[in-house]
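Residue numbers (the UniProt record's numbering): 1 to 317. All C-beta atoms in this analysis are idealised placements derived from N, C-alpha and C, irrespective of residue type, glycine included.
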Amino acid sequence: MTLVLSLGDPAGVGPELAVRAWAEGAGPFTALGSADHLEKLGATVARVDAPDATPWPEALPVIDIPLAEDVTPGTPSLANAPAVVEAINRGVQLCLDGHASALVTAPIAKWVLKEGAGFAHPGHTEFLAHLSGAPRPVMMLAGPELRVVPVTIHIPIADVPAALTPELLEETIRVTHAGLIRDFGVPTPRLAIAGLNPHAGEGGVMGREEIETLTPVLDRLQAEGFDLTAPLPADTMFHPAARARYDAAICMYHDQALVPLKTLSFDDGVNVTLGLPFIRTSPDHGTAFDIAGTGRARPDSLIAAIRLAQEMAARRA
Ligand SMILES: NC(=O)C1=CN([C@@H]2O[C@H](COP(=O)(O)OP(=O)(O)OC[C@H]3O[C@@H](n4cnc5c(N)ncnc54)[C@H](O)[C@@H]3O)[C@@H](O)[C@H]2O)C=CC1
Ligand SMILES: NCC(=O)COP(=O)(O)O
Numbered sequence: 001m002t003l004v005l006s007l008g009d010p011a012g013v014g015p016e017l018a019v020r021a022w023a024e025g026a027g028p029f030t031a032l033g034s035a036d037h038l039e040k041l042g043a044t045v046a047r048v049d050a051p052d053a054t055p056w057p058e059a060l061p062v063i064d065i066p067l068a069e070d071v072t073p074g075t076p077s078l079a080n081a082p083a084v085v086e087a088i089n090r091g092v093q094l095c096l097d098g099h100a101s102a103l104v105t106a107p108i109a110k111w112v113l114k115e116g117a118g119f120a121h122p123g124h125t126e127f128l129a130h131l132s133g134a135p136r137p138v139m140m141l142a143g144p145e146l147r148v149v150p151v152t153i154h155i156p157i158a159d160v161p162a163a164l165t166p167e168l169l170e171e172t173i174r175v176t177h178a179g180l181i182r183d184f185g186v187p188t189p190r191l192a193i194a195g196l197n198p199h200a201g202e203g204g205v206m207g208r209e210e211i212e213t214l215t216p217v218l219d220r221l222q223a224e225g226f227d228l229t230a231p232l233p234a235d236t237m238f239h240p241a242a243r244a245r246y247d248a249a250i251c252m253y254h255d256q257a258l259v260p261l262k263t264l265s266f267d268d269g270v271n272v273t274l275g276l277p278f279i280r281t282s283p284d285h286g287t288a289f290d291i292a293g294t295g296r297a298r299p300d301s302l303i304a305a306i307r308l309a310q311e312m313a314a315r316r317a
């Protein structure tokens, strides 16, 4: 069984990076998207009806999902948005039906899908959970030096304190813990927990979420045997000596997690969705419309996402 790769926004860097990954031998994978577009980007493609490794590496297998309009790199087309969503849908179905070992997703621009296809989700993470009925999808960004998990994900910063409920924190910790054991081979995960406020609240004078929301959950889980820190000041938990003390950092909001990860590992960080009934990885970067079609986009993060999906599939086999 091979993995499938949805090509993401055709005007972004996803398709050209898929061609680079194929040319560099990172696979096998079957692409989900426009075969014509991949050919224009220089790939020798084999149109297939189902995930198929046999054309590899002479040709890049693709389940063709035609586009409505020709592609102008860097200029997203609302008319092509339905085909982008269809590629993700097909990938999920192939995984759920046991025809693909994992789904790797190239980047989408959420606003394009919303305006062009009525896409009602803030990202893949939430859409994949919706399609597969997963109750608690968890976003993990994994690099060679750091793994981070944002508890709240794609919401405005003003909404974070209210969204940060004990239930969400507990479920995120449980899903992360299980994922580290199952997918990363960490037998006894150590989790560092970031505070929400400066200085982790400084005893309540700079915010009370650590005392009222976080600590009761952490105390309960520690009593169950989870290896967790107390809420840590986020500004001092990402330097090298601090990172050596944990296997993943549980962060309270998107940028608290993704800023350190992308600072350390922008070129080879991988976005993993834990808590789904199938494996999903993605490069850590977005559509990069500003450099699409220029040849400047680096394929490293997509290749790392493909390799991690392969490793996860091998561990689960
Ligand atoms: N998994 C996904 O589908 C993701 C999608 N996005 C979407 O992408 C769109 C653009 O987001 P931005 O914040 O601008 O982030 P971005 O990652 O697309 O671009 C940020 C900067 O990094 C550069 N860059 C990105 N990928 C690169 C690569 N492979 N090689 C070299 N340079 C690279 C870009 O040229 C740009 O200067 C947004 O609509 C966002 O929602 C963002 C992150 C992940
Ligand atoms: N910042 C991460 C991001 O936007 C990717 O989200 P998703 O599409 O993987 O949910």
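Is residue i close to ligand 1? I mean its beta-carbon at under 7 Å from any heavy atom of the ligand.
i: Lys114; result: no
i: His254; result: no
i: Trp22; result: no
i: Pro28; result: no
i: Asp49; result: no
i: Leu263; result: The residue asked about is misnamed: residue 263 is Thr in this sequence, not Leu. Checking every heavy atom of ligand 1 against the Cβ of Thr263, none is found closer than 7 Å.
i: Lys110; result: yes
i: Val13; result: yes
i: Ala297; result: yes
i: Pro166; result: no
i: Pro107; result: yes
i: Asp247; result: no
i: Thr203; result: The identity of residue 203 in the sequence shown is Gly, whereas the question assumes Thr. No.
i: Asp290; result: yes
With distance defined between alpha-carbon atoms, name the residue in the options nearest to residue i.
i: Thr72; options: Arg316, Gly293, Ala314 and Ala309; result: Gly293
i: Pro260; options: Ile155, Leu276, Thr273 and Ala242; result: Ala242
i: Ile63; options: Pro55, Glu69, Pro51 and Asp70; result: Pro51
i: Thr236; options: Glu224, Leu103, Gly195 and Leu131; result: Gly195
i: Val151; options: Thr273, Lys110 and Gly33; result: Thr273
i: Ser301; options: Asp268, Pro198 and Ala257; result: Asp268
i: Pro198; options: Glu209, Thr54, Ala46 and Leu7; result: Glu209
i: Ala248; options: Pro216, Gly295 and Arg174; result: Arg174
i: Asp70; options: Glu58, Ala304, Asp159 and Leu41; result: Leu41
i: Gly8; options: Ala309, Ala288 and Leu308; result: Ala288
i: Glu16; options: Leu3, Pro28 and Ser34; result: Ser34
i: Ala23; options: Gly12, Leu60, Leu32 and Ala142; result: Leu60
i: Ala244; options: Phe278, Leu258, Gly185 and Pro189; result: Pro189
i: Glu86; options: Ala102, Ile65 and Ala53; result: Ile65
i: Leu218; options: Trp111, Ala162, Glu126 and Leu168; result: Leu168
Roughly how many angstroms lie between the CA atoms of residue i and residue j, to the nearest whole one?
i: Asp290; j: Gly74; result: 6 Å
i: Pro231; j: Pro166; result: 14 Å
i: Gly98; j: Lys114; result: 29 Å
i: Pro107; j: Gly123; result: 10 Å
i: Met252; j: Asp49; result: 42 Å
i: Arg315; j: Val148; result: 21 Å
i: Gln93; j: Leu5; result: 13 Å
i: Thr176; j: Val138; result: 7 Å
i: Ala158; j: His254; result: 12 Å
i: Met1; j: Glu212; result: 48 Å
i: Thr30; j: Arg220; result: 44 Å
i: Gly25; j: Val205; result: 55 Å
i: Pro233; j: Gly12; result: 37 Å
Could you spell out the range, first to last residue, of the alpha helix (DSSP H) harbouring residue i?
i: Leu180; result: Pro166 to Phe184
i: Val160; result: Val160 to Ala163
Under the criterion of a Cβ to heavy atom distance below 7 Å, does residue i qualify as lining ligand 2?
i: Thr287; result: no
i: Asn89; result: no
i: Thr125; result: yes
i: Leu258; result: yes
i: Leu282; result: At residue 282 the sequence reads Ser, which differs from the Leu that was named. Yes - ligand 2 has a heavy atom lying nearer than 7 Å to the Cβ of Ser282.
i: Asn271; result: yes
Give the range of the beta strand (DSSP E) segment to which residue i is assigned.
i: Ser301; result: Premise fails: Ser301 lies in the alpha helix (DSSP H), Asp300 to Arg316, not in any beta strand (DSSP E).
i: Gly33; result: Phe29 to Gly33
i: Leu17; result: That residue, Leu17, is in no beta strand (DSSP E); its alpha helix (DSSP H) goes Gly14 to Ala23.
i: Pro150; result: Arg147 to Pro150
i: Arg47; result: Val45 to Arg47
i: Leu5; result: Leu3 to Ser6
Give a single yes or no on whether residue i has its beta carbon closer than 7 Å to a heavy atom of ligand 4.
i: Ile303; result: Absent from the structure shown: ligand 4. Ligands present: ligand 1 and ligand 2.
In chain order, which continuous runs of the beta strand (DSSP E) of length 3 or greater are located wholly inside the region 51-139? 60-64 and 103-105
Threshold first: 4 residues or longer. Then list the alpha helix (DSSP H) segments lying entirely within the region 226-285, N to C. 240-243 and 254-265
Ignoring anything shorter than 4 residues or poking outside the region 184-222, list the alpha helix (DSSP H) runs there in chain order. none
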